[in-house]
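**Student:** Chains as they are written, first to last, in the numbering used here: chain A, 2 to 239; chain B, -12 to 128; chain C, 14 to 121.
Beta carbons are placed, not taken as given, at the ideal position from N, Cα and C, and that holds for glycine.
Just so it is clear, the structure is predicted and the values come from calculations on it, not from any experiment.
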Amino acid sequence: MSHTHNPGDGGAGERHAAPMVEEITDFEVLEIAVRELAIEHGLFTAEDHRRFTEWAESVGPAAGSRLVAKAWIDPAFKARVMEDAVKACKEIGIDWAEPTGFGTPSDYMNLRVLEDTPTLHHVIVCTLCSCYPRPLLGMSPEWYRTTNYRRRLVRWPREVLAEFGLVLPPEVEIRVEDSNQKCRFMVLPVRPEGTENWTEKRLAEIVTRDCMIGVALPRPGRTADVHPVQKAGRPVQR
Amino acid sequence: MSARRDLRQQQELIGAIQPALHVSQNWNYAVDGALYKAYMHPPHDVGGQFDAPGVYEEKEEEQWELNTYVTCEVLGWRGVWNSEERRRRADNDLGYSLYLGIPYYGRWILAAARMLVDKNHISLAELIEKVAEVKSRHAKK
Amino acid sequence: MPKSKPPEKAQKSSGKARFKPGDRVRVKDLPNLFYSRTQIYVRGVVGTIAACTYQDIIPEDEAFNRDGRLEQYYIVRFRQKDLWPEYPFENDTLQTESPERWLEPANN
Chain A
2 MSHTHNPGDG GAGERHAAPM VEEITDFEVL EIAVRELAIE HGLFTAEDHR
52 RFTEWAESVG PAAGSRLVAK AWIDPAFKAR VMEDAVKACK EIGIDWAEPT
102 GFGTPSDYMN LRVLEDTPTL HHVIVCTLCS CYPRPLLGMS PEWYRTTNYR
152 RRLVRWPREV LAEFGLVLPP EVEIRVEDSN QKCRFMVLPV RPEGTENWTE
202 KRLAEIVTRD CMIGVALPRP GRTADVHPVQ KAGRPVQR
Chain B
-12 MSARRDLRQQ QELIGAIQPA LHVSQNWNYA VDGALYKAYM HPPHDVGGQF
38 DAPGVYEEKE EEQWELNTYV TCEVLGWRGV WNSEERRRRA DNDLGYSLYL
88 GIPYYGRWIL AAARMLVDKN HISLAELIEK VAEVKSRHAK K
Chain C
14 MPKSKPPEKA QKSSGKARFK PGDRVRVKDL PNLFYSRTQI YVRGVVGTIA
64 ACTYQDIIPE DEAFNRDGRL EQYYIVRFRQ KDLWPEYPFE NDTLQTESPE
114 RWLEPANN
């Protein structure tokens, strides 16, 4: 295996040069073959592929962060989020019907936002695959897709959360959400102390992806999720 | 073409990646209810299984992974399949060795390829020729 | 020629939702054949309906590209102690989704 991850590096500071990959891998070959055959046979067009790629490259956790920050500041918006999250997403510029007019084939249009309280903490998993609210949070992180996380979170949530650095007292109810069908979920964490009078933009900076999955809590000064990073041989060209 | 020695090594690797079994089996005609149920268990249903604490990693996305994701979604957009069918094919139909052994999007693209053949959108011979052609096209560079 | 419309979904629904939030339900343990999205860890366990969500095709039909009848889906809440008898924390819970056919009333 040519894994180039570097545990302990934290992923944020050090950037290793991507390994030079001379030879095209078998999965790359298969991907090209399937895509070209599908286009040659008129199953979809190169333009369809380009349009969907453009959408996929436009989504990311920043939208979710904006939603949380706005909900913290604006109780009426929060009420609309809890009532109909897909509809409320439009107010922050996220249309779940994109890019096809009826949403993506895999994300559906049933978003539910799970509101934490001082005595209730939500954390999300999909034990069967890795269902994830892409229009709002982008692509799921690698660890979320692993059998390890999927196997253990539903049964040993406190142990798994502790491995992420999140230790919660027994009085706090931990509620695991196993996203196994067509609802997609996002956690609305409790607004931390020490953020009074913060602007929406500043609040959004501490709402990282991990906070919206429920494996971390937002706090002043914490603006990034820190994990070891595996480098790609031929990363996405943007 | 692979040399004979390479093929022999390949054969040993094939043996080495067979699932590790903890009960003896080989044409087992005494499959009782519990064992039958265990064989029929969908591989993707892993919640509650034991595993050791692991390192929670990020991964930089490969270009082919993004392309695979988009190809599979566009096939859904155009009604060639749906995502539930993709999950069935990629997470269950491949069997345990492939399910646990190859990359996440490797399973997606294999599922898409198999679906196109199963539904007669392309023939297997055509796919094999295309794969060989793409391989040689990129080898020259 | 690529189609520009979404895959057609069957419009027929099975009608009114059988359960409402607060109802106690047990997850059935139907035989596994080829595909299921009902996890083994919730089967046979009693939980509470937390929400009636949407109506959609069941996974057993959709996974084989079959236009089935639409069925009511629910979010069901379980006590972790009911899922895993050795679970050490009293208050912790777990929620997951289920279509109606996998649930039966539990009155106890």
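Have a look at P15(C) and V40(C) and give me their C-alpha separation to the nearest angstrom.
**Tutor:** Per-residue confidence for P15(C) stands at a pLDDT of 44, beneath the threshold of 50, marking its modelled position as unreliable; no derived number is given.
**Student:** Taking 9 Å as the CB-CB limit, is P19(C) close to chain A?
**Tutor:** Interpretation of P19(C) is limited by its pLDDT of 49, a score under 50 that renders its predicted location unreliable; the figure taken from the coordinates is listed afterwards. Taking Cβ atoms only, chain A reaches closer than 9 Å to P19(C), which makes this a yes.
**Student:** Against chain A, with Cβ distances strictly below 9 Å, would M14(C) count as a contact?
**Tutor:** Interpretation of M14(C) is limited by its pLDDT of 40, a score under 50 that renders its predicted location unreliable; the figure taken from the coordinates is listed afterwards. Yes, M14(C) counts as interfacial toward chain A.
**Student:** Can you pull out the residues from the segment 67 to 81 of chain C whose beta carbon lies closer than 9 Å to at least one beta carbon of chain A?
**Tutor:** Y67, D69 and P72
**Student:** Give the straight-line distance between the Cα atoms of G93(B) and L85(B), rounded to the nearest whole angstrom.
**Tutor:** G93(B) and L85(B) have their C-alpha atoms some 9 Å from each other.
**Student:** Could you check the C-alpha separation between K10(B) and V161(A) for me, to the nearest Å?
**Tutor:** Per the sequence shown, the amino acid found at residue 10(B) is Val instead of Lys. Rounded to whole angstroms, V10(B) to V161(A) spans 30 Å at the Cα level.
**Student:** In the segment 61 to 120 of chain C, which residue ranges form an unbroken beta strand (DSSP E) of at least 3 residues, counting only runs that do not cross its ends?
**Tutor:** 83 to 92, 106 to 112 and 116 to 118
**Student:** Do you know offhand how far D96(A)'s Cα is from A(-10)(B)'s?
**Tutor:** 55 Å
**Student:** Kindly list the residues whose CB is nearer than 7 Å to the CB of L189(A), restricted to its own chain and excluding five residues on each side of it in sequence; keep chain order.
**Tutor:** Contacts found: V69, A72, V114, L115, E116 and D117.
**Student:** Near P72(C), what residues of its chain come up, given a Cβ to Cβ distance below 6 Å and the 5 sequence neighbours on each side ignored?
**Tutor:** R50
**Student:** Rounded to whole angstroms, what's the CA-CA distance from K79(A) to M27(B)? Just pull it up for me.
**Tutor:** 44 Å
**Student:** Check for me: the alpha helix (DSSP H) holding D211(A) runs from which residue to which?
**Tutor:** R210 to I214
**Student:** Look up V67(B) in the DSSP assignment and say whether it is helix, strand or coil.
**Tutor:** coil
**Student:** The beta strand (DSSP E) spanning H180(B) covers which residue range?
**Tutor:** Given that chain B is displayed from residue -12 to residue 128, the structure contains no residue 180(B) and the question cannot be resolved.
**Student:** Determine, using beta carbons only, whether S66(A) and V208(A) come nearer to each other than 9 Å.
**Tutor:** The Cβ atoms of S66(A) and V208(A) sit closer than 9 Å to each other.
**Student:** Taking one C-beta from the segment 39 to 47 of chain A and one from the segment 61 to 75 of chain B each time, how about it: are there three or more such pairs within less than 8 Å?
**Tutor:** yes
**Student:** For G60(C), count neighbouring Cβ atoms within 10 angstroms of its own Cβ and tell me buried if that reaches 16, exposed if not.
**Tutor:** buried
**Student:** What are the boundary residues of the alpha helix (DSSP H) that includes H125(B)?
**Tutor:** L111 to A126
**Student:** Give the single residue among G139(A), D179(A) and P76(A) whose Cα lies nearest to the Cα of V155(A).
**Tutor:** Nearest C-alpha to V155(A) among G139(A), D179(A) and P76(A): D179(A).
**Student:** Using 9 Å as the threshold, is the C-beta distance between A72(B) and N78(C) below it?
**Tutor:** Residue identity check: residue 72(B) is Glu in the sequence provided, not Ala. Yes.
**Student:** Residues of chain B with CB under 8 Å from S49(C), in chain order?
**Tutor:** P29 and D32
**Student:** Let me confirm a value: T224(A) is counted as buried when at least 16 other C-beta atoms fall within 10 Å, else exposed. Which label applies?
**Tutor:** Exposed, because fewer than 16 other Cβ atoms sit within 10 Å of the Cβ of T224(A).
**Student:** Please decide whether P90(B) counts as near chain A, where near means a Cβ-Cβ distance under 9 Å.
**Tutor:** yes
**Student:** Counting only beta-carbon atoms, is L85(B) nearer than 9 Å to chain A?
**Tutor:** With its beta carbon at least 9 Å from every one in chain A, L85(B) lies outside the interface.
**Student:** Mind pulling the chain A residues with CB within less than 9 Å of D78(B)?
**Tutor:** L129 and C130
**Student:** Mind checking the segment 172 to 188 of chain A against chain B and listing, in chain order, the residues whose C-beta falls within less than 8 Å of any C-beta there?
**Tutor:** D179
**Student:** I need the boundaries of the alpha helix (DSSP H) containing F186(A), first residue and last residue.
**Tutor:** Per DSSP, F186(A) belongs to no alpha helix (DSSP H); it is in the beta strand (DSSP E), R185 to L189.
**Student:** Are any of the Cβ atoms in chain A nearer than 9 Å to that of N15(B)?
**Tutor:** no
**Student:** Please report whether the beta-carbon of Q85(C) lies at a distance below 9 Å from any beta-carbon of chain D.
**Tutor:** In the structure shown, chain D cannot be found, because the protein chains are A, B and C.
**Student:** CB-CB under 7 Å to G88(B), same chain, minus the five flanking residues each way: which ones, in chain order?
**Tutor:** I4
**Student:** From N181(A) to P134(A), what does the alpha carbon distance come to, in whole angstroms?
**Tutor:** 12 Å
**Student:** What residue range is occupied by the uninterrupted alpha helix (DSSP H) comprising N153(A)?
**Tutor:** Contrary to the premise, residue 153(A) reads as Arg rather than Asn in this sequence. Per DSSP, R153(A) belongs to the alpha helix (DSSP H) from T148 to R153.
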